[in-house]
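K.L.:
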Amino acid sequence: MAALASWGLRVELGQHVFDQWGPMAGRDEDRLADLNAAFADPGVRAVFAARGGAGAYRIADRLDTRAVRRDPKPLIGFSDCTHLHLALWRRCGLATLHGPYLTHGNDVLDEDTVRRLRQALTAPQAVTLRRDPGEATAAVGVGGTAHGILLGGLLTALSTEAGAGLPRLDGAILFLEHPLGQLRLVDRALTQLARSGALQGLRGVALGQFTGFAHDAATAHDGGWDVTDVLRDHFGDLGIPVLGGLPIGHGDHPPTLPLGTWATLDSAAGTLTVQPALS
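Residue numbers are given in this note's numbering: position 258 of the sequence shown equals residue 467, and the series is strictly consecutive.
In structure tokens:
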């Protein structure tokens with residue numbers, strides 16, 4: 210929040226921003242009231258998530274879409290905020306930003322993360338992410354180039370929304386990331402997406418950080434498979450370009466990436482280029 214104030218912005222906190230209700234980030238009605246108030250306030254020009262937003266799926270279908278359409282403004286966040294990103298795109302066609310929440314990892318945001326966030330908001334331009342050989346998903350790839358609207362985020366959020374609040378993904382480039390290090394959870398979520406028909410008509414797949422997977426432990430418990438095997442099993446035969454190894458997700462130094470805008474995926478070059486969410 211100090212970074213935003215240093216840009217000359219006036220930072221206002223939602224009344225319930227630090228609430229907790231069981232495992233959730235506050236009661237549904239309280240969080241919804243804060244969120245809808247921000248979208249309805251003409252003095253608010255961007256809405257930031259303070260944290261990931263556990264339980265955001267409980268309120269995603271109750272956003273004040275009339276307020277959003279009347280005065281569009283970006284939502285910035287990731288993780289469980291994926292539910293809100295998807296709802297805002299499906300119901301309002303609103304491009305948003307997959308970016309750091311303001312208390313990321315309980316640490317102060319590093320200088321580069323702040324720079325990229327500020328650029329996305331105040332001097333928007335195309336963003337290019339490049340394959341990082343050190344990422345667990347870097348070994349997953351299918352050659353080719355794809356063009357389409359970039360949609361996605363947290364894998365389990367997309368699988369939860371399948372059959373309920375998931376926007377149509379045909380013609381899109383699907384971006385996925387996952388933090389929990391459980392192969393069977395990844396497989397279950399991808400199977401749910403496939404069975405719901407959500408993967409039909411995709412133009413390409415962009416794989417971000419799949420964190421928490423220990424290869425040695427996975428070998429002993431999962432028949433020798435690691436996360437790359439699960440991802441190849443689901444995406445290797447779709448007949449579309451797949452690019453793994455993108456440094457975005459639940460790792461350190463999260464970049465700010467537009468969602469709901471035109472993107473180009475080049476598997477051979479190892480790049481995903483996304484047009485800005487703001488003009």
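The beta carbon of each residue, even a glycine, is placed where N, CA and C say it ideally should be.
1) Note down, in chain order, each residue of its chain lying with its Cβ closer than 6 Å to the Cβ of residue 458, except the 5 sequence neighbours on either side.
2) Helix, strand or coil for residue 253, going by three-state DSSP, please let me know.
3) Can you list, in chain order, the residues of its chain whose CB lies under 7 Å from that of residue 278, leaving out five sequence neighbours each side?
4) Measure the CB-CB distance between residue 568 and residue 322 and report whether it falls below 7 Å.
5) Between the stretch 351 to 358 and the stretch 443 to 459, can you find at least three pairs of beta-carbon atoms closer than 8 Å?
6) Alpha carbon to alpha carbon, how far is residue 410 from residue 432?
7) So residue 468 and residue 338 are in contact, right, with Cβ under 8 Å, and what is the actual spacing, rounded?
8) Along the beta strand (DSSP E) that carries residue 418, what are the first and last residues, could you check?
9) Here's a check: name, in chain order, each residue in its chain whose Cβ is nearer than 8 Å to the Cβ of residue 256, leaving out the five neighbours to either side.
10) Please identify the residue among 253, 261, 213, 224 whose C-alpha is closest to the C-alpha of residue 276.
11) For residue 311 versus residue 259, is the C-beta distance shorter than 7 Å?
12) Looking at the strands, I want to know which residues DSSP matches up with residue 233.
13) Identify whether residue 438 lies in helix, strand or coil by the three-state DSSP scheme.
14) Identify the residues that DSSP records as bridge partners of residue 457: which are they?
15) Whose C-beta lies closer than 8 Å to the C-beta of residue 485 among residues of the same chain, with five residues either side of it excluded?
16) In the DSSP assignment, find the beta strand (DSSP E) that holds residue 471 and state where it starts and stops.
17) Less than 7 Å between C-beta atoms, sequence neighbours within five positions excluded: which residues of the same chain meet that for residue 303?
P.N.:
In short:
1) Residue 458 sits at position 249 when you count from the first residue of the sequence shown. Around residue 458: 386, 417, 418.
2) Along the sequence shown, read from residue 1 onward, the residue named residue 253 stands at position 44. Residue 253 falls in the coil class under three-state DSSP.
3) Walking along the sequence shown from the start, residue 278 turns up at place 69. The answer, listed in chain order, is 301.
4) The chain is shown from 210 up to 488; residue 568 falls before or after that span and cannot be answered.
5) yes
6) On the sequence shown, residue 410 is found 201 positions in, with the first residue counted as 1. On the sequence shown, residue 432 is found 223 positions in, with the first residue counted as 1. Each residue's Cα considered, the two are about 32 Å apart.
7) In the sequence shown, residue 468 corresponds to position 259, counting from 1. In the sequence shown, residue 338 corresponds to position 129, counting from 1. Not really, about 13 Å apart at Cβ, beyond 8 Å.
8) Translated into the one-based positions of the sequence shown, residue 418 becomes position 209. Its beta strand (DSSP E) spans residues 413 to 419.
9) Your numbering for residue 256 matches position 47 in the sequence shown. The residues are 244, 247, 248, 282, 283, 284, 285.
10) Translated into positions along the sequence shown, residue 276 becomes position 67. Ranking the options by Cα distance to residue 276, first place goes to 253.
11) Locating residue 311 in the sequence shown gives position 102, counting from the first residue. Locating residue 259 in the sequence shown gives position 50, counting from the first residue. A contact, by the Cβ cut-off of 7 Å.
12) As a working note, residue 233 is residue 24 in the sequence shown. DSSP output for residue 233 lists 230 as bridge partner(s).
13) Here residue 438 refers to the residue found at position 229 of the sequence shown. Three-state result, residue 438: helix.
14) As a working note, residue 457 is residue 248 in the sequence shown. BP columns for residue 457 are empty, so no partner.
15) Counting from one through the sequence shown, the residue named residue 485 turns up at place 276. 329, 333, 334, 335, 336, 467, 470, listed in sequence order.
16) If you number the sequence shown from 1, residue 471 lands on position 262. Note, residue 471: beta strand (DSSP E), 471 to 475.
17) Here residue 303 refers to the residue found at position 94 when the sequence shown is read from its first residue. Excluding positions up to five away in sequence, the list reads 277, 281, 297, 469.
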